[in-house]
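K.L.:
Once you've had a glance at the structure underneath, I'll fire off some questions.
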Amino acid sequence: MILHYPPPDRDVTTDVLHGVVVTDPYRYLEDPDAKRTRAFVQAQNDLSRPYLAALPAAAPLLALTTALLTAPRHGVPWERGGRYFMIANPGELDQDRLMTGESLDALLQGPTVLLDPNELSSDGTVAMLAARVSPQGTYVAYALSEAGSDWRTIRVRRTATGEDLADELRWTKWVDPTWLPDESGFLYWRYPEPAAAQFTAAMGAGELVLHRLGDDPASDDLVWSRPDAHEWIASPWVAADGAWLVLIASPGTDSRTIVQAWRLVVDRTGRCTVDADPIAVVDDLADAHNVVASDGDTLFLRTERDAPRGRLVAVDLAALDLPWTDVIARHATDVLVDISPAAGVFVLLWSSDAAHRIEIVDRAGRSVGWPELPAPMSVTAINTRDRGAEIFIGVTTFTRPSLAYRLDVTDGAPAVSALPPAAAEVELPEVTFERRRAVSADGTLVPMSVLRRVDLPDGPRPTLLYGYGGFDIPVLPAFSALFAGWVAAGGVLAVANLRGGGEFGADWHRGGMLHRKQNVFDDLFGCAHALIDSGVSTAAQLAVHGRSNGGLLVGAAITQHPELFAAALPTVGVLDMLRFHLFTIGWAWTTDYGSPDDADDFAVLHAYSPLHRLAPGTSYPPTLICTGDHDDRVVPAHSLKFGAELQHCQSGPGPVLLRVDTRAGHGMGKPARALAAEYADQLAFAAENTGLDLNLLSPIAAHLSRGSTSTARLNSLTPVTPVPSEPT
89 MILHYPPPDR DVTTDVLHGV VVTDPYRYLE DPDAKRTRAF VQAQNDLSRP YLAALPAAAP
149 LLALTTALLT APRHGVPWER GGRYFMIANP GELDQDRLMT GESLDALLQG PTVLLDPNEL
209 SSDGTVAMLA ARVSPQGTYV AYALSEAGSD WRTIRVRRTA TGEDLADELR WTKWVDPTWL
269 PDESGFLYWR YPEPAAAQFT AAMGAGELVL HRLGDDPASD DLVWSRPDAH EWIASPWVAA
329 DGAWLVLIAS PGTDSRTIVQ AWRLVVDRTG RCTVDADPIA VVDDLADAHN VVASDGDTLF
389 LRTERDAPRG RLVAVDLAAL DLPWTDVIAR HATDVLVDIS PAAGVFVLLW SSDAAHRIEI
449 VDRAGRSVGW PELPAPMSVT AINTRDRGAE IFIGVTTFTR PSLAYRLDVT DGAPAVSALP
509 PAAAEVELPE VTFERRRAVS ADGTLVPMSV LRRVDLPDGP RPTLLYGYGG FDIPVLPAFS
569 ALFAGWVAAG GVLAVANLRG GGEFGADWHR GGMLHRKQNV FDDLFGCAHA LIDSGVSTAA
629 QLAVHGRSNG GLLVGAAITQ HPELFAAALP TVGVLDMLRF HLFTIGWAWT TDYGSPDDAD
689 DFAVLHAYSP LHRLAPGTSY PPTLICTGDH DDRVVPAHSL KFGAELQHCQ SGPGPVLLRV
749 DTRAGHGMGK PARALAAEYA DQLAFAAENT GLDLNLLSPI AAHLSRGSTS TARLNSLTPV
809 TPVPSEPT
């Protein structure tokens, strides 16, 4: 198909930044509601929609991704005040519902719908992003988002009656409501109300406030803010015994934190309130810390101080001059990711070679047992209560979407039982799994997971290479309809563990941030070369995919080494590294990227910024750029400007398409069928440009399109190589 790209306006817009002249001909696309922007988006969709719909793989892949994303499913239960709660979906709904039951059996066998966001909009774009039940189970504070926005509105519902209170708190983001022990109110994070024209404008300083049920939100009590440093964000934690409020705060996305604590006291009206004077537990921004639990004045922290992979310590809040006491010392190779308290024990979440495992220890740190769970896996949730013997754990693998387990620690050693799945499972092809290592430009060994159908012969095959590499976020074995669809269709999936991520501790993260960001891209190139050199794939069969920071990764990949890839799928990517900090929450990312306002950082950012590396007359691989028209995290201007410039510069035969969802944001709360359509388009585009044989896909898609209501998953996973030790 011959494509005729819509001819967008190219304005004469230039800046001189630190002595460098930078052109920006599509700056007008930064206003999502401007007439020219709307016309540009419409023209791009008018081009991409018929092209994608006509691809041979489009229909069968849509059947497959729809089946995977609309299968019945439920989350991991939790208990409050003897009542049980769970997020669930019978399969056909755009948004998940909050369910409740007076017992665990009632929750699993005949739950009551407590909250159904599908009833709040006709197009399924109102999503429930958080549901926090009060300590005795009386109320649930829930946060709603519209059309994929990061903005949330918090409301409160009685769990016994399903009736909403009058409370409505707007202009909140990021931090979920945190209840006071007496249920009289909760803490939340809010921002000033933006003006109508400030959808993309950089946000001001937020603040942590205390809301009392029934009070006017305008009178909510300020607990903590940094108006002099708007990039700071704080997360509260309240002790189960009601003794302490502890605050973990950091600038932007920085994983390093400070720690402050307030005593909780009862005021003259008998309500729990926050004492006026905080205690500085950690006041230097040097390491990451997270609150685990407390016992009177003893605070348990997960810390990276003197332990890049984490350790568990006990801190005496009444004698802060005393040394911290190790409960779980740092491990030589594994990362202590998280710790959750239960009756007399801690649940430790370890990461070993980018996969999770669970250990139960007593409060002195002595091992009690290792629950038998699927492997390799990632843990999606650990729901405990400080003095409760029930532990609920959610698990996912590359081949299983969601599994839930109940652990009972009444007698010390954990007794493990699997909770029933939402429905019977559809058998998809059996998959093999192996861990491989690539060599990056500086000699660093970079692990990746490689999956393929077991019934396929060896030899180069169309391959999808996925990576992220940023913000201390690990990429773990997790089910994705996009991944499952590709592997079921006969493609090879390679999931890379790049520097900048959180797979191997703080040092691995630091190795791919700020002025070391090029390491992340070099790690990806090393993985691409390893796949090609080992015969897994060829450059003519290799597609690269990433979302958000991973979209930056894809943009860097095709502008630095276009010859390595047959197709590229940058999704909601950060692609303009010179102006990202000027929009919405972008300033928060300077802790990982650096700031374009700093001359030294600018030189690094300008060197790899995908938008600014595009060069006319270059043959770039076929590229499908996906975004949402009102993404208020990574604003759509990144994708729109990059797409326009890539179409302008493309000299090769590969198509460059922009797929822009309307009534969509960064991806949170996206209706299931809309997400299935996005995945199908991306996979069909990759299939078309890597030569994927659709004969393997058609029987699966035909079976699923007949209306199966089972939970779709890939069949068993067969490890074919031992898991190697941590990279050096």
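In my numbering, the protein residues as written are 89 to 816. Glycine included, each C-beta is placed from N, C-alpha and C at the ideal position. Keep in mind it's a predicted model, so treat the numbers as computed, not measured.
Enumerated in chain order, which unbroken segments of the alpha helix (DSSP H) with a length of 4 residues or greater are wholly contained in the stretch 192-217?
P.N.:
Correct list: 192-197.
K.L.:
Do Asn206 and Gly198 have their C-beta atoms closer together than 9 Å?
P.N.:
Position 118 of the sequence shown, counting from 1, holds the residue named residue 206. Position 110 of the sequence shown, counting from 1, holds the residue named residue 198. Contact: no.
K.L.:
Compare the beta carbon distance of Leu619 and Val504 with 9 Å and say whether it is the shorter of the two.
P.N.:
Indexing the sequence shown from 1 puts residue 619 at position 531. Indexing the sequence shown from 1 puts residue 504 at position 416. No, Cβ-Cβ distance for Leu619 and Val504 is not below 9 Å.
K.L.:
Could you check if Val62 is buried or exposed, using at least 16 other CB atoms within 10 Å of its CB as the buried criterion?
P.N.:
No answer is possible for residue 62: it lies beyond the span of the chain, which begins at 89 and ends at 816.
K.L.:
Just curious, the beta strand (DSSP E) that Ala631 is in, first and last residue?
P.N.:
Against the sequence shown, residue 631 aligns to sequence position 543. 630-635 is the span of the beta strand (DSSP E), which, as asked, contains Ala631.
K.L.:
What residue range is occupied by the uninterrupted alpha helix (DSSP H) comprising Arg598?
P.N.:
In the sequence shown, counting from the first residue as 1, residue 598 sits at position 510. Residues 594-598.
K.L.:
What residues in its chain sit with their C-beta under 8 Å from that of Leu296, if we drop five residues either side in the sequence?
P.N.:
Counted from its first residue, the sequence shown places residue 296 at position 208. Same-chain partners within the cutoff: Val263, Leu275, Tyr276, Trp277, Leu310, Val311, Trp312, Ser313, Ala322, Pro324, Leu335.
K.L.:
Helix, strand or coil, according to DSSP, for Trp239 in the structure here?
P.N.:
Position 151 of the sequence shown, counted from the start, is the residue given in the question as residue 239. Correct three-state label for Trp239: coil.
K.L.:
Does DSSP classify Trp332 as helix, strand or coil?
P.N.:
Along the sequence shown, read from residue 1 onward, the residue named residue 332 stands at position 244. Trp332 falls in the strand class under three-state DSSP.
K.L.:
If I'm right that Arg300 touches Gly225 with Cβ under 8 Å, what's the distance once you round it to whole angstroms?
P.N.:
The count along the sequence shown starts at 1 and reaches residue 300 at position 212. The count along the sequence shown starts at 1 and reaches residue 225 at position 137. That belief does not hold up - the Cβ atoms of Arg300 and Gly225 are roughly 19 Å apart, past 8 Å.
K.L.:
Starting from Pro429 and walking both ways along the alpha helix (DSSP H), at which residues does that stretch end?
P.N.:
Numbered from its first residue, the sequence shown carries residue 429 at position 341. Taken as a continuous stretch (DSSP letters only), Pro429 belongs to no alpha helix (DSSP H), being part of the beta strand (DSSP E) at 423-430.
K.L.:
Under a three-way DSSP split, which group does Tyr708 fall into?
P.N.:
To locate residue 708, count along the sequence shown from 1; it is residue 620. Reduced to three states, the DSSP call for Tyr708 is coil.
K.L.:
Expressed to the nearest angstrom, what Euclidean distance is found between the alpha-carbon atoms of His617 and Arg243?
P.N.:
Here residue 617 refers to the residue found at position 529 of the sequence shown. Here residue 243 refers to the residue found at position 155 of the sequence shown. Each residue's alpha carbon lies about 51 Å from the other.
K.L.:
So, does the stretch 142-156 touch the stretch 776-787, judging by three or more C-beta pairs under 8 Å?
P.N.:
As far as the Cβ criterion goes, the stretch 142-156 touches the stretch 776-787, which means the pair count is three or higher.
K.L.:
In angstroms, rounded to a whole number, what distance separates the CA positions of Ile673 and Arg721?
P.N.:
Along the sequence shown, read from residue 1 onward, the residue named residue 673 stands at position 585. Along the sequence shown, read from residue 1 onward, the residue named residue 721 stands at position 633. Taking the straight line joining both Cα atoms gives about 6 Å.
K.L.:
Are the beta-carbon atoms of Ala645 and Gln629 separated by less than 9 Å?
P.N.:
In the sequence shown, the residue the question calls residue 645 occupies position 557. In the sequence shown, the residue the question calls residue 629 occupies position 541. Not a contact, by the Cβ cut-off of 9 Å.
K.L.:
Which same chain residues, not among the five before or five after Leu268, have their C-beta less than 6 Å away from its C-beta?
P.N.:
The sequence position of residue 268 within the sequence shown is 180, counting from 1. Correct list, in chain order: Cys360.
K.L.:
Using DSSP with H/G/I as helix, E/B as strand and the rest coil, what is Ala145?
P.N.:
Position 57 of the sequence shown, counted from the first residue, corresponds to residue 145. The answer is coil: DSSP assigns Ala145 none of H, G, I, E or B.
K.L.:
What residues in its chain sit with their C-beta under 6 Å from that of Ala231, if we drop five residues either side in the sequence?
P.N.:
Position 143 of the sequence shown, counting from 1, holds the residue named residue 231. Same-chain partners within the cutoff: Leu217, Ala218, Arg240, Ile242.
K.L.:
Among Gln735, Gly457, Val497, which residue has its Cα nearest to the Cα of His875?
P.N.:
Nothing in the structure corresponds to residue 875, since the chain is present only between 89 and 816.
K.L.:
Compare the Cα-Cα distances from Pro366 to each of Asp238, Gly302, Leu333 and report the closest residue.
P.N.:
Here the question's residue 366 lines up with position 278 in the sequence shown. The option with the nearest alpha carbon to Pro366 is Leu333.
K.L.:
State the Cα-Cα distance for the pair Tyr279 and Ser307, rounded to the nearest angstrom.
P.N.:
As a first step, residue 279 must be located in the sequence shown, where it is residue number 191. As a first step, residue 307 must be located in the sequence shown, where it is residue number 219. Distance between the alpha carbons of Tyr279 and Ser307 is about 14 Å.
K.L.:
How many angstroms separate the CA atom of Asp680 from the CA atom of Ala349?
P.N.:
Reading the sequence shown from its first residue, position 592 is the one you call residue 680. Reading the sequence shown from its first residue, position 261 is the one you call residue 349. So the two alpha carbons sit approximately 27 Å from each other.
K.L.:
Figure out for me which residue from Arg137, Thr200, Ala407, Ile427 has the closest Cα to the Cα of Ile416.
P.N.:
Translated into the one-based positions of the sequence shown, residue 416 becomes position 328. If we check each option's Cα against that of Ile416, Ile427 comes out closest.
K.L.:
Counting C-beta neighbours from all protein chains within 10 Å, is the total for Gln770 16 or more, i.e. buried, or is it exposed?
P.N.:
Here residue 770 is taken as the residue at index 682 of the sequence shown, counted from 1. Gln770 comes out buried.
K.L.:
Verify the CB distance criterion: does Leu301 have a CB-CB separation below 9 Å to chain C?
P.N.:
Chain labels in this structure do not include chain C; a single protein chain is all it has.
K.L.:
Apply the 10 Å Cβ neighbour rule to Pro508 and answer buried if 16 or more other Cβ atoms are within range, or exposed otherwise.
P.N.:
Locating residue 508 in the sequence shown gives position 420, counting from the first residue. Pro508 is exposed by the Cβ-count criterion.
K.L.:
Assuming Gln348 is part of the beta strand (DSSP E), what are its boundary residues?
P.N.:
On the sequence shown, position 260 is the one that residue 348 refers to. Taken as a continuous stretch (DSSP letters only), the beta strand (DSSP E) holding Gln348 covers 346-354.
K.L.:
What are the start and end residues of each continuous alpha helix (DSSP H) run of 4 or more residues lying completely inside the stretch 543-626, in chain order?
P.N.:
You should have 569-576, 594-598, 606-621.
K.L.:
Look up Ser817 in the DSSP assignment and say whether it is helix, strand or coil.
P.N.:
Only positions 89 to 816 of the chain appear in the structure, and residue 817 is not among them; the question remains open.
K.L.:
Buried or exposed: Thr153, going by 16 or more other Cβ atoms within 10 Å of its Cβ?
P.N.:
Against the sequence shown, residue 153 aligns to sequence position 65. So Thr153 counts as buried.
K.L.:
Under the three-state reduction of DSSP, which class applies to Ser343: helix, strand or coil?
P.N.:
Along the sequence shown, one-based indexing puts residue 343 at 255. Ser343: coil per DSSP, three-state reduction.
K.L.:
Excluding the 5 residues preceding and the 5 following Arg635 in the sequence, name in chain order all residues of the same chain whose CB lies nearer than 8 Å to its CB.
P.N.:
Taking the sequence shown and counting its residues from 1, the one referred to as residue 635 is at position 547. Result list for Arg635: Tyr556, Thr659, Val660, Gly661, Gly755, in chain order.
K.L.:
Name the DSSP bridge partner or partners of His444?
P.N.:
Within the sequence shown, the letter at position 356 stands for residue 444. Ser439.
K.L.:
Determine the DSSP secondary structure at Val415, reduced to helix, strand or coil.
P.N.:
Sequence index remark: in the sequence shown, residue 415 carries index 327 (1-based). Strand at Val415.
K.L.:
Nearest-angstrom Cα distance between Ala285 and Gln130?
P.N.:
Residue numbering aside, residue 285 sits at position 197 when the sequence shown is read from its first letter. Residue numbering aside, residue 130 sits at position 42 when the sequence shown is read from its first letter. For Ala285, the pLDDT reaches just 47, beneath the cut-off of 50, and the residue's location in the model is therefore unreliable, although a value from the coordinates is still provided. Each residue's alpha carbon lies about 21 Å from the other.
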